[in-house]
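Numbering-wise, the sequence shown is residues 7 to 102 according to our numbering.
What follows is a short report on a single structure.
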Amino acid sequence: MEQTILDEMGLGDLPEERKTALLMQITESLLKRIVVRVLGELSETDRAAFEEVQETGDPEKINAFLTEKIPNYESMLQEIIAEFKTEMKDTVGALS
7 MEQTILDEMG LGDLPEERKT ALLMQITESL LKRIVVRVLG ELSETDRAAF
57 EEVQETGDPE KINAFLTEKI PNYESMLQEI IAEFKTEMKD TVGALS
């Protein structure tokens, strides 16, 4: 998936070191967007429970919790990723 994102943005030919750094930034940015969106979808009680689950650091538990609490969680993730890709393509295009 990571290489696909870079290829879609026209950045697939970057040196490996630069790709790695860029992928870390992309991942961080996506995670922030996802957390902000998730917190907006959860009730106050569920947000507190989410924080507890998140502290476990177990991605499977986190995913299971969010899938249970947010009915459209998977489609929401796909939407966030699609929006991010579009924004990044536009940014890269503007810089070219």
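For each residue, glycine too, the CB sits at the ideal point set by N, CA and C.
It should be emphasised that the depicted structure is a prediction, and the values quoted were computed from it without experimental measurement.
Quick check: the Cα distance between residue i and residue j, rounded to an integer number of angstroms?
i       : j      : result
Pro-64  : Phe-90 : Residue 64 is actually Asp in this sequence, not Pro. Straight-line Cα distance between these residues: approximately 25 Å.
Ala-100 : Glu-93 : 11 Å
Leu-45  : Tyr-79 : 12 Å
Phe-56  : Ile-68 : 8 Å
Gln-31  : Glu-58 : 25 Å
Thr-73  : Gly-16 : 33 Å
Asp-19  : Ala-27 : 14 Å
Glu-66  : Gln-60 : 10 Å
Leu-36  : Ser-81 : 15 Å
DSSP three-state call for residue i: helix, strand or coil?
i      : result
Gly-16 : coil
Nearest by alpha-carbon distance to residue i: which of the options is it?
i      : options                        : result
Phe-71 : Leu-28, Asp-52, Glu-85, Glu-23 : Asp-52
Thr-33 : Gly-16, Leu-20, Leu-12, Glu-47 : Leu-12
Arg-43 : Gln-60, Ala-27, Ile-76         : Ile-76
Lys-25 : Glu-47, Leu-37, Thr-10, Ala-88 : Thr-10
Lys-38 : Leu-83, Pro-21, Glu-50         : Leu-83
Subject >> alpha helix (DSSP H) segments (min. 4 residues) lying fully within the segment 18 to 53 >> reply: 22 to 47
**OP:** Ignoring anything shorter than 4 residues or poking outside the segment 64 to 93, list the alpha helix (DSSP H) runs there in chain order.
**Re:** The DSSP assignment places 65 to 75 as complete runs of the alpha helix (DSSP H) inside the segment 64 to 93, in order along the chain (cut-off: 4 residues).
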